[in-house]
Structures are given as C-alpha cells and as structure tokens.
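Residues 278 to 329 in my numbering are what the sequence shown lists, from first letter to last.
Single-structure report; data block below.
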Amino acid sequence: MAKKTKKRKSILNWKWMKENFWNVVLIWLIWQIILAVIYGILTEVFKIQLQY
C-alpha cells in the first residue's frame, strides 16, 4: 500500500516537473546567479579584510 502511494506521488511529481519544466529551469538559473553574486560579494569582502 505504501509502495503504491509512493510510486503515484513520484509520477505526479514527474508530471508536475514536465508541466513546469521551464519554471524549474528559470528558478535554478536565478538561484545560480544569486549564489554567484553572494559568492562574489563575500570574496570581495574577504579581500578587503585581508588588505587591512
């Protein structure tokens, strides 16, 4: 019984992923950009701190 519901849930998730594929891709790309910006700011801050 538990296996059946788990399988059904994964199929639903796959269906949702296929329907919202571009949304997922966009979210992932935006997240990558945000992380890159944060990483860049942190490295700059650390460089400034090391100089002082």
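Where a beta carbon is used, it is the ideal one built from N, C-alpha and C, also for glycine.
Alpha-carbon spacing of residue i relative to residue j, whole angstroms
| i | j | result |
| --- | --- | --- |
| Ala313 | Glu321 | 12 angstroms |
| Tyr316 | Trp308 | 12 angstroms |
| Trp293 | Trp305 | 16 angstroms |
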